[in-house]
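Shown next, in structure tokens, is the structure this report addresses.
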Amino acid sequence: MTISSKTVTLEDKCEHANVMKKDLAKHHKMSEGKPFSDWGVAEWDAIGRVWSNLPDIFGFLIMWGMTMSPLTPDQQIHLLKVCYDISYLLGSSKMMMCVYLKAGDTFSKIAQYENAMSCYTAAMEIAKSNDDIQTQAACYRVMGKINCRLHDYNQSMENFQHALSLCQKTGDERGQANAYLGMGDVHSSQGKYEDALNIYQHALSLFQKTGDESGQAYAYLGMGNLHSSQANSQAKYEDAMNNYQHALSLFQKTGDESGQAKAYHGMGNLHSSQGKYEDAMNNYQHALSLFQKTGDESGQANAYLGMGDVHSSQGKYEDAMNNYQHALSLFQKTGDESGQANAYLGMGEVHMLSGQGKYEDAMNNYQRALSLFHKTGDESSQAKAYHGMGNMHKSQGKYEDALNNYQHALSLFQKTGDESGQGDAYLGMGDAHRSQGKYEDAMNNYQHALSLFHKTGDESSQAKAYNGMGNMHKSQGKYEDALNNYQHALSLFQKAGDQEGQVNTYRAMASIHGDICKYEEEKKCIRQAISLAATLENVQPNLGELGVLYTKSGDFNEANKCYEKQLDLCLKNGDVVGQVQTHVLMGTLHLSQCYYDKAMECCQQARDKFEKSGSTYSQNMQAILYWMMAEVHFIRLNYKEALQYFLLAKYYSPKTSTRLLSNIYQGIGKLYVCMGQFEDAESYLFKSLIFYEQIFTNLGKLEDAKTNIVDTYIEAYHWLVFVSVKLGKKSQAVLVSEQGRSRALSENLQTKYGLQGDATKSSLDQEVCLLVSGTSPSFVVVSLSDKYLHLFTLSSLTPLVVHPAAMQMTDEAEQWLSLLKYLINRVICDANLHVLQNRDDTFEDRSLDLDYDDESEQQHVLTELARVTLGSKGSEKTNIIGGETSGNRKDKSVAKMWGGDSECHLATRSPLPHTTGKPKASDDGTSGKVPQEHDEDVCTPPPISSAETQRGFDLLKELYRILIEPIEKELTQDEVVFVPEGVTFKVPFGALQSPDGRFLAEKKAIRTGPSLTTLRLLRECPEDKHCKHGVLVVANPRSNAFTRNRSGADVVMSFHERFANLPAASKEAIKIREILPDVTCLIEYQATKNAVMQSLEKGVGVIHIASHGDSQTGEILVAPEPRMDKHDIAEKEEYLLTMKEISSCQINASLVVLSCCHSGKGQIRAEGVMGLARAFLAAGARSVLATLWTIGDNATLEFMERFYRHLASGLSTSASLKRTIRDTISMNDKYSHPYYWGAFVLVGDDVTIR
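Each residue of the sequence shown is one higher than the one before, counting from 1 in UniProt numbering.
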């Protein structure tokens, strides 16, 4: 109906109005079929005057008000009401439809989706009545978008499909493309990434076909968002970035600033997910600027939200909070409840992560977010809110509440099909169960999480699942399993480029290595974590971690600076838990430096903060704190207070903290020893060892870790041996001592030889008898600690006897033990000097010292004696021969030539009155004063004289008096097997001289062993495990290669210049071939490392190696492979035979002879001497003949010829060695001196070669 331009009467107006009411009632939604204005006569007169211009007015208002003017959404709605009335008056359904569409857009912009849907529905009805298919399709599209925002994905997809069908009907390819675009968004929101990608590509193809660059840009934007949500690999990240950049370029080309802003926002999200926070912030700021320019307050809010997330990830919580509040304000202004909820969610995270204990604020924000997500029906975001609340409860130790929230989250993630979210929920539940000690439940959850992350291809999250499993195994003390999982995690984090994940994993691995006493590995991991963290914006420098690294490296001043800075940061942030942890670290540092007052002050400050904060969820930290306070009181002899704090530490220590509990029980045991309550001490020391045994067992196949852990816990064994002797429990004492020896080697042999332990329960006496049953020698077990020396003697024919050889638990005992160490080390030092100084023109030294540049330096070293000071304890200074404390390189070199190592020092206190081992003025031509630290005088070696020789004999006699005389009557058998401990591994037992002038080796056949258990395993090994026939001889390796002077030096020397020729070693090989049958020789240039390693694994009965041996490690020189080019330098690993390489071999020789200098040496540990002799036993050898010090080339040739002739005659190795020594002494020449033959020691079983 239309109105003519003639004069309109009042009757005409009324009639028209009534007709309009009837005609448009079915379409009206905004005012239920009524105009918004209440027109009277005056209004009608005004309308009449502009009636002909109403269409133009309508067009102007729509164009100006909706696109050109800076009107707010509320003002635009008011303007649309006017347009509605115009369309009402004009009776134009097209105008009416236009108003409804514009109103729907405006309501949608301010998130009033219900009103928007009503308007679009009304527009749809008009379009249908007008048969306007294009508008119907447009309505279905916008309604589909709203449904998608409201997470009603089924209805959304239905609307887009309606739109697609209509556009296909009309052949509208652009409309089809827009429908596909919407369907892609729906699939993307549902996590159906493959479907989404296919549909986006379909849309892109149609937009390209129609030349619609704006549509192409939105397709690229959609694909960018899709790849960004999957950016868990570098490839996905690159795909996302490429699509965003395509979109941005097209938006810039079409001048679409709103689209550009969305592209920048997407790139910001992408960079944020990758931890590239500076790039993310730049993109968010670009987006914000464009959103502000276009007046898009919803877009601005989302930009602020993204910036808040970045600041939160960077730990800039104040900035994050400001941005979240900006976002919240804008979302409230636009009425976007979903956006408000996301802002509240972010603020909840900030309160939880800030470390300021604002848990109530965090919970309030999470609950607000959850309420709004419920209101909007956003189940996916509800799940995120529940997950956040779960994290918060977990951080407070409220594990049941955490689990309830995680389960709510899981249920919703499952409902929405969000597999990544499900994985996160399972991960959280795994952490909660682990903290509760419910390890089976924890493992199930971690495995569920891992499976889901595998399915989604999220490598970074897979790594987090492996880290969770690693943490679980660590909590159980299963260190090998923990390390395996951490290695998996690290590999995945590296593959995904997740550096923050790598930092956390290196920290976890450092903790494991610290727990199992692999301190060098621990330091490596800490350095890696610090190095990576320094490159990350979001990871704050962990000054506590850096302090630990400095502490481990001995740089205590730098460590203290780090801890002080860390404490200041914790105070500034109100982080009470961090303050407590830092005080404990500082206390540990002061305790290690013997600053007991400072240590106690730090402990008390930590305790006060614990009590003040009311924290109850860090019981492990409290236990550590009380244990430290107990240790300080114990050192100060405040036994009552020490016991009180030990018991508090025991009370707070979690049952899973096996290492801490072991230390606590050990501390209580030591305390009771000092109080004279030996039965109580015994009980607690046994408890300590029960936990230690659990730790040891859980190390699985980590042999290095087992060796390290024995070093840590050997003190508990020593204390229990002492207590057992005090209580008269001899068998218990020797069995406890045995448990602390050669554990890893014994396990290795038991596995290698397929031997089973005796499962039957026996008395302690029976267990001791089993260790020596079926064999005839007398066994001497040396039990040595810092406080005592006990000698246990036993055999299969005689009872166990124990001789306390020192005054125990007194200063005199420490003084006595210092003397013992001095005597042993002096023998070795003197032996090295004697052999080297008595050489003739034909002498060649079989020593190998890789720190020397050339022989001239060795000659220079031989003209000086080391400045030796007396070792002391506590805060007194020591100068250790061969150690790292001296800054004088030549002093260190002298020490090495002497055979000095970390234990080679002289006693600081005077020896007991009856000792004669200390050098006298009459002995060496100098004053009786022993050189002290910082003395400037350096003695020159005196010419060899009878006095010097007599001093050597005096040393050997004194050691005989200490170690043999107390047990001499018990040594009733022809053979004596010594099981040494500590420095006594370096004792040449056969060379010890009795008062009648006879050496022990003249009277007894002598062997040594790492432990009674090891000797029993070697003895019981099945015959078919070792060869009896065939000999491999490796001698005098030579090469045309060039080597470096020192590791890493530029100067190179030929192999011939660097390592002296050993012609007697070559002759030695030929002699052995003459004496024994079936001999394979690798002499000189044939003795390459590859040839040696291949030959070692062949079945031979005897392996003989005559070469240079390193004075520090016992490692042996072999030849590198021949070189065609002298510039091709041979590195160390190409010409050294190392302990690790030997241990990895499968050797089945009955006897290995290491005819090299120092081949019986190595680092002395609780496990034994960690050198080549042990390595050959571990590899499968049954017996090893090695040397304790420097041996001459010709002297060794003569010795070995005698030894092999006796061996070939049918004598056992032990008997052959005894006979060889007796023959050598009887020659009465210079080689009769014990310093020539005393170096040879037989380790392991007594074997016979056929």
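The C-beta atom is built at its ideal place from N, Cα and C for all residues, glycine as well.
Computed from a predicted structure; not experimentally measured.
Candidates the options, of which the one nearest residue i by Cα
i, options, result
"G982", "L637, H790, S214 and Y324", "H790"
"I1105", "K969, S205, A1149 and H162", "A1149"
"Y753", "L1017, G315 and A1087", "L1017"
"T707", "M675, G740, V782 and N243", "G740"
"N151", "G268, Q815, N663 and K375", "The sequence shown places His at residue 151, rather than the Asn named in the question. When each option's Cα is compared against that of H151, the closest is K375."
"H834", "Y1235, K394, E213 and E278", "Y1235"
"L237", "S228, Q245 and Y244", "Residue 237 is actually Tyr in this sequence, not Leu. Of the candidates S228, Q245 and Y244, the one whose C-alpha sits nearest the C-alpha of Y237 is S228."
"V977", "K957, T1013 and E958", "T1013"
"V736", "E158, T751 and S783", "S783"
"P804", "R839, N825, V723 and D830", "V723"
"M443", "L452, H454 and D431", "D431"
"T334", "N445, S108 and Q201", "S108"
"A681", "G700, S411 and L720", "L720"
"G501", "I512, A533 and K474", "A533"
"N638", "I664, M675, I1116 and S662", "M675"
"L345", "A383, K316 and E1084", "A383"
"E1198", "S1095, V1100 and A1064", "A1064"
Separation of residue j from residue i, as counted between CA atoms
i, j, result
"T1043", "V1118", "13 angstroms"
"K552", "Q528", "15 angstroms"
"P654", "R1165", "31 angstroms"
"N1045", "I1191", "24 angstroms"
"S381", "Q136", "32 angstroms"
"K687", "G574", "40 angstroms"
"T1138", "S1144", "10 angstroms"
"D1245", "L956", "26 angstroms"
"L427", "H311", "25 angstroms"
"L164", "L181", "10 angstroms"
"T798", "G477", "42 angstroms"
"L197", "G191", "11 angstroms"
"N404", "M600", "42 angstroms"
"V576", "C570", "7 angstroms"
"A1181", "F691", "33 angstroms"
"S491", "H1026", "41 angstroms"
Buried versus exposed call for residue i [16 or more other C-beta atoms within 10 Å across all chains shown]
i, result
"T1008", "buried"
"S927", "Any reading at S927 must be qualified, since the residue scores a pLDDT of 32, below 50, and its modelled position is unreliable; no value is offered."
"Y519", "exposed"
"E114", "exposed"
"V673", "buried"
"A46", "exposed"
"F60", "exposed"
"C148", "buried"
"M1124", "exposed"
Anticipated Cβ contact below 8 angstroms, residue i with residue j, distance rounded
i, j, result
"Q260", "L290", "6 angstroms"
"V350", "M321", "5 angstroms"
"D1223", "H1158", "With 8 angstroms as the limit, D1223 and H1158 do not qualify as a contact, their Cβ atoms being about 24 angstroms apart."
"F556", "L589", "6 angstroms"
"T712", "C525", "With 8 angstroms as the limit, T712 and C525 do not qualify as a contact, their Cβ atoms being about 18 angstroms apart."
"Q973", "S778", "4 angstroms"
"L745", "L1177", "7 angstroms"
"F696", "L671", "The Cβ separation is near 24 angstroms, so there is no contact."
Residue ranges of each alpha helix (DSSP H) within the segment 551-626, 4 or longer: 556-573, 576-592 and 596-613
task: Jot down the residue ranges of each uninterrupted beta strand (DSSP E) in the segment 675-729, minimum 3 residues, whole runs only, in chain order.
output: none
- request: May I have a chain-ordered list of the alpha helix (DSSP H) segments no shorter than 4 residues that lie completely inside the segment 985-1043?
  value: 1000-1003 and 1012-1020
task: Would you list, in sequence order, the uninterrupted beta strand (DSSP E) runs of no fewer than 3 residues that lie entirely inside the segment 766-799?
output: 778-784 and 789-794
query: Enumerated in chain order, which unbroken segments of the alpha helix (DSSP H) with a length of 4 residues or greater are wholly contained in the segment 72-145?
result: 73-90, 93-109 and 113-129
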